[in-house]
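Under the working numbering, the residues of the sequence shown are numbered 61 to 198, in order.
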Amino acid sequence: MTLNVVIVGETGAGKSALINLLANECMALVSSDVTSCTGAFAEYTFSVDSTEVHAYDTMGFSSARVDSLSHLVPYERAYNLIQSLKTRVDLVFLCTNKDRLNLVTRQIYHLFNDFFFDGTVPIALIATHREKEQSMED
(Lines of atoms letter the chains of each structure in order from A and count residues from 1; the text may use other names and numbers.)
(Lines give C-alpha, C1' and ligand atoms only; values in the text may rest on other atoms or scores of the structure.)
Protein backbone atom coordinates (compact mmCIF):
# COMPACT_ATOMS: atom_id res chain seq x y z
CA MET A 1 0.00 0.00 0.00
CA THR A 2 1.13 3.56 -0.76
CA LEU A 3 0.09 6.72 1.08
CA ASN A 4 0.62 10.19 -0.41
CA VAL A 5 0.70 12.95 2.21
CA VAL A 6 1.08 16.72 1.80
CA ILE A 7 2.31 18.57 4.89
CA VAL A 8 1.40 22.24 5.15
CA GLY A 9 1.44 25.02 7.75
CA GLU A 10 2.95 28.33 8.70
CA THR A 11 6.68 28.96 8.62
CA GLY A 12 8.20 27.36 11.71
CA ALA A 13 5.15 25.20 12.48
CA GLY A 14 7.15 21.97 12.58
CA LYS A 15 6.35 20.48 9.17
CA SER A 16 9.86 19.11 8.58
CA ALA A 17 10.09 17.85 12.17
CA LEU A 18 6.83 15.96 11.62
CA ILE A 19 8.39 14.21 8.62
CA ASN A 20 11.35 13.15 10.76
CA LEU A 21 8.98 11.87 13.44
CA LEU A 22 6.89 9.88 10.98
CA ALA A 23 9.95 8.47 9.22
CA ASN A 24 11.63 7.69 12.55
CA GLU A 25 14.87 9.18 11.22
CA CYS A 26 16.34 12.59 10.44
CA MET A 27 15.47 13.06 6.77
CA ALA A 28 14.28 16.66 6.61
CA LEU A 29 16.26 19.75 7.55
CA VAL A 30 14.75 21.48 10.59
CA SER A 31 15.34 24.86 12.19
CA SER A 32 15.22 25.78 15.86
CA ASP A 33 13.58 29.13 15.11
CA VAL A 34 10.83 30.32 12.77
CA THR A 35 12.99 30.56 9.67
CA SER A 36 12.08 28.63 6.57
CA CYS A 37 13.97 25.40 5.83
CA THR A 38 11.97 24.24 2.83
CA GLY A 39 11.96 26.01 -0.55
CA ALA A 40 9.33 25.01 -3.08
CA PHE A 41 8.72 21.54 -1.64
CA ALA A 42 10.67 18.44 -0.76
CA GLU A 43 9.57 14.84 -1.26
CA TYR A 44 10.50 12.14 1.24
CA THR A 45 9.77 8.44 0.91
CA PHE A 46 9.79 6.07 3.87
CA SER A 47 7.90 3.07 5.24
CA VAL A 48 5.57 2.87 8.20
CA ASP A 49 4.80 -0.76 8.96
CA SER A 50 3.93 -2.15 5.51
CA THR A 51 2.89 1.19 4.01
CA GLU A 52 5.14 3.18 1.69
CA VAL A 53 4.67 6.87 2.49
CA HIS A 54 5.41 9.67 0.04
CA ALA A 55 5.45 12.87 2.11
CA TYR A 56 5.60 16.29 0.47
CA ASP A 57 7.02 18.95 2.79
CA THR A 58 5.86 22.37 1.59
CA MET A 59 7.18 25.88 1.99
CA GLY A 60 5.81 27.64 5.07
CA PHE A 61 2.98 30.12 4.77
CA SER A 62 3.11 33.49 6.51
CA SER A 63 0.81 36.40 7.18
CA ALA A 64 0.45 39.09 4.55
CA ARG A 65 2.62 42.16 4.73
CA VAL A 66 1.29 45.33 3.16
CA ASP A 67 4.66 46.25 1.62
CA SER A 68 5.37 42.91 -0.07
CA LEU A 69 3.79 40.24 -2.21
CA SER A 70 6.29 37.63 -0.98
CA HIS A 71 3.61 36.05 1.22
CA LEU A 72 1.93 34.82 -1.99
CA VAL A 73 4.90 32.64 -3.01
CA PRO A 74 3.91 29.64 -0.82
CA TYR A 75 0.39 29.73 -2.27
CA GLU A 76 1.76 29.63 -5.81
CA ARG A 77 4.22 26.86 -4.96
CA ALA A 78 1.51 24.80 -3.24
CA TYR A 79 -0.69 25.14 -6.30
CA ASN A 80 2.18 24.09 -8.56
CA LEU A 81 2.91 21.09 -6.33
CA ILE A 82 -0.69 19.87 -6.36
CA GLN A 83 -0.88 20.34 -10.15
CA SER A 84 2.42 18.52 -10.71
CA LEU A 85 1.64 15.43 -8.63
CA LYS A 86 1.00 12.52 -10.93
CA THR A 87 -0.79 10.62 -8.20
CA ARG A 88 -3.66 11.35 -5.87
CA VAL A 89 -3.19 12.92 -2.45
CA ASP A 90 -4.56 10.72 0.33
CA LEU A 91 -4.09 13.00 3.33
CA VAL A 92 -3.07 16.54 4.26
CA PHE A 93 -1.38 17.27 7.59
CA LEU A 94 -1.93 20.89 8.63
CA CYS A 95 0.67 21.78 11.26
CA THR A 96 -0.02 24.55 13.71
CA ASN A 97 2.20 25.80 16.51
CA LYS A 98 0.59 24.48 19.72
CA ASP A 99 -3.11 25.23 19.57
CA ARG A 100 -2.90 28.44 17.55
CA LEU A 101 -5.74 28.51 15.06
CA ASN A 102 -5.02 31.93 13.64
CA LEU A 103 -6.08 33.51 10.35
CA VAL A 104 -3.18 32.05 8.34
CA THR A 105 -3.92 28.50 9.55
CA ARG A 106 -7.59 28.93 8.65
CA GLN A 107 -6.63 30.29 5.21
CA ILE A 108 -4.37 27.30 4.58
CA TYR A 109 -7.19 24.94 5.59
CA HIS A 110 -9.65 26.57 3.19
CA LEU A 111 -7.09 26.72 0.38
CA PHE A 112 -6.50 22.98 0.53
CA ASN A 113 -9.98 21.82 1.54
CA ASP A 114 -12.12 24.13 -0.60
CA PHE A 115 -9.92 25.10 -3.55
CA PHE A 116 -7.39 22.31 -4.18
CA PHE A 117 -9.39 19.26 -3.14
CA ASP A 118 -13.04 20.37 -2.98
CA GLY A 119 -13.51 18.60 0.34
CA THR A 120 -12.44 15.19 -1.01
CA VAL A 121 -9.14 14.78 0.91
CA PRO A 122 -9.04 14.51 4.72
CA ILE A 123 -7.09 17.20 6.53
CA ALA A 124 -5.61 16.34 9.93
CA LEU A 125 -4.70 19.21 12.24
CA ILE A 126 -1.35 18.55 13.96
CA ALA A 127 -0.55 20.68 17.03
CA THR A 128 3.25 20.90 17.20
CA HIS A 129 5.73 22.34 19.72
CA ARG A 130 3.91 20.83 22.71
CA GLU A 131 6.83 18.82 24.08
CA LYS A 132 7.66 21.33 26.84
CA GLU A 133 4.17 21.35 28.35
CA GLN A 134 3.60 19.91 31.81
CA SER A 135 0.94 17.41 30.81
CA MET A 136 0.58 16.26 27.21
CA GLU A 137 -2.88 14.85 27.98
CA ASP A 138 -4.41 18.27 28.75
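For every residue, glycine included, the Cβ atom is placed at its ideal position computed from N, Cα and C.
Practice problem: Can you give me the Cβ contacts of S96 inside the same chain, cut-off strictly under 7 Å, excluding the 5 residues immediately before and after it? | Solution: Only weak support is given to the placement of S96: the predicted model assigns it a pLDDT of 48, under 50, and the question is left unresolved by the model.
Quiz item: Are the beta-carbon atoms of V181 and V149 separated by less than 9 Å?
Solution: Contact flag set, yes.
Quiz item: So V152 is in the beta strand (DSSP E); what residue range does that whole segment cover?
Solution: 151 to 157 is the extent of the beta strand (DSSP E) around V152.
Quiz item: What's the gap between the Cα of T165 and the Cα of L89?
Solution: 22 Å
Quiz item: Going by DSSP, which residues form a beta bridge with T111?
Solution: DSSP lists V108 as partners of T111.
Quiz item: Are C155 and A73 touching if we call contact CB-CB under 9 Å?
Solution: yes
Quiz item: Taking just the CA atoms, how far does T62 sit from S110?
Solution: 9 Å
Self-check item: CB of F101 within 9 Å of CB of A138, strictly
Solution: Yes, Cβ-Cβ distance for F101 and A138 is below 9 Å.
Self-check item: Nonlocal neighbours in the same chain, by C-beta distance under 6 Å from V68, ignoring five residues either side
Solution: T118, L154, I168
Quiz item: If you compare alpha carbons, which of L78, T147, Q143 is closest to F175?
Solution: Q143
Self-check item: Backbone secondary structure at V164 - three-state DSSP
Solution: Note: V164 maps to helix in three-state DSSP.
Exercise. Would you tell me roughly how many angstroms separate the C-alpha atoms of S130 and E85, rounded to the nearest one?
Key: 32 Å
Quiz item: Once you ignore the five residues that flank Y135 on each side, which residues in its own chain have a CB closer than 8 Å to its CB?
Solution: Correct list, in chain order: F121, L171.
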